[in-house]
Amino acid sequence: MSEDPTCCGRREVLCGSGVLLVGAALAGCSSAADRAEVAASDNAAASTAREQAAVSPVAGTGDIPVGGGVVVPARQLVITQPTEGQFRAFSSICTHQGCPVTAVQDGAIICPCHGSRFDIDTGAAVVGPAEEPLSARSITVEGEDLFVA
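The numbering of the sequence shown is the numbering used here, which starts it at 11 and goes up by one.
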């Protein structure tokens, strides 16, 4: 029986497979290190952004109407003042389907997507379809400035 000239022998197949396996192993080792370095860099950047957000004021106390509030889209926050001198901060992302809330009117935080309304003091859903409250954030007052962590 004669050998088919278009087919490779066992030796060539084994040698080629070995080269591929070594190459894949080396690529896997370097990629893991690269991924870890990138992940560490991303975590450091996220921590820095959070630290900067905590040290820069979100708004001034005079910017928030008593019995109302303001939406801060750049920070995905709603800042409210249910009673004079009492400030609250909530996520501006509706708990129903993730739409951003856009207004604070008549003592309620309003989601325009499906009409959910949230209490400005507690963030609780008072009109559905949302059932869960808005996520509360820690807010501090320093002089005339409001900071949200």
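From the three backbone atoms N, C-alpha and C, an ideal C-beta is built for every residue, glycine too.
Counting C-beta pairs closer than 8 Å gives three or more between the region 132-146 and the region 97-105, which meets the contact rule. Burial is judged here by how many other beta carbons sit within 10 angstroms of a residue's own beta carbon; Ser-66 has fewer than 16 and is exposed.
Restricting attention to Ala-113, Asp-129, Asp-131, Ile-130, the CA atom closest to the CA of Cys-123 is found in Ala-113.
A Cβ-Cβ distance of about 16 Å is found for the pair Val-80 and Thr-93, leaving them out of contact under the 8 Å criterion. By the Cβ-count criterion, Gly-133 is buried, with 16 or more other Cβ atoms from all chains shown falling within 10 Å of its own Cβ. Beta-bridge pairing by DSSP links Ser-101 to Leu-87. Per the DSSP secondary-structure output, Gln-96 pairs in a beta bridge with Thr-93. With distances taken between CA atoms, Ala-118 lies nearest to Arg-127 out of Arg-127, Val-111, Gly-138. Beta-bridge annotation (DSSP): Gln-115 is paired with Ala-118.
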